Each structure stands twice: as C-alpha cells, then as structure tokens.
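What follows is a set of notes on a single structure, which appears directly below.
Residue numbers (our numbering): 3 to 118.
And the structure:
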C-alpha cells in the first residue's frame, strides 16, 4: 500500500498525495485525465516548494529511502510530468506528435530507484 504521508517538512503538500504515483504510466494517465485547470492548481501548489523538495531528496539514497521520502519523490516526478502541459502546451496532452499510449518502456525502465 502506498504511504499516505510525506516527510514532516512537506506536510503542507499532503493534500496532493493522489499525485504521488510510482510509475510514469500512472502519472501520464492522470495528467491526461485531468483538466488544464486541475493541472495548473497542482503545478502552482508544488512549484514554490520544488527547490526544498529537490534539496531534501538530494540527501537521500533512493535505495534506502523511507516510504515517505519515496512518496515525495513520486510527487516530484508528477510535477515534472505536469510542468510541460502547463508551461508549454496549455492542455493535458503533451504528445510532441507521438501518442504516448504507444510508448512501451524497455528493460532499462524496469526498475524504479527504490528497487520496486
């Protein structure tokens, strides 16, 4: 079961836990299922904290990270997934002319940093 909390320093981001998704496919599907206004709300809530998030994560070895830190990492991954939709495209679809549903990760994508 996915953790429902973040590290204490990031408790204010707890209302965005539904974005803490462990796989690129899940993050992409969520982005595409949301309205641009939902994406903008998430983006603008997370953006002011990203420097702190990245500083925190830089101090933790992914293979030894506690569940709360991994939840924060997945939240940061979702921010990276949403940013182009908000900053460049103004819509949930970020295709660059390629249907992302056709993307099949190769073996190099089989392992998340946590070994999951």
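The C-beta atom is built at its ideal place from N, Cα and C for all residues, glycine as well.
Treat the numbers as computed from the prediction; the structure is a model and nothing was measured.
For this session: Less than 8 Å between the CB atoms is what I'm expecting for residue 7 and residue 61, so what's the real figure, rounded?
Result: The distance from the Cβ of residue 7 to that of residue 61 is about 19 Å, inconsistent with a contact at the 8 Å cut-off.
Exercise. So, using beta-carbon positions, are residue 20 and residue 33 closer together than 9 Å?
Worked result: No; because the gap between Cβ atoms is not below 9 Å, this pair is not in contact.
Exercise. When the Cα atoms are used, what is the spatial distance from residue 41 to residue 10?
Worked result: Those two C-alpha atoms are separated by around 24 Å.
Problem set entry | Length of the line joining the Cα atoms of residue 80 and residue 15 | Between residue 80 and residue 15, the C-alpha separation is close to 13 Å.
Exercise. Since residue 30 contacts residue 83 with CB under 8 Å, what's their CB separation in whole angstroms?
Worked result: Residue 30 to residue 83, Cβ: 6 Å. Contact.
Problem set entry | First through last residue of the alpha helix (DSSP H) which encompasses residue 75 | Start and end: 69-86.
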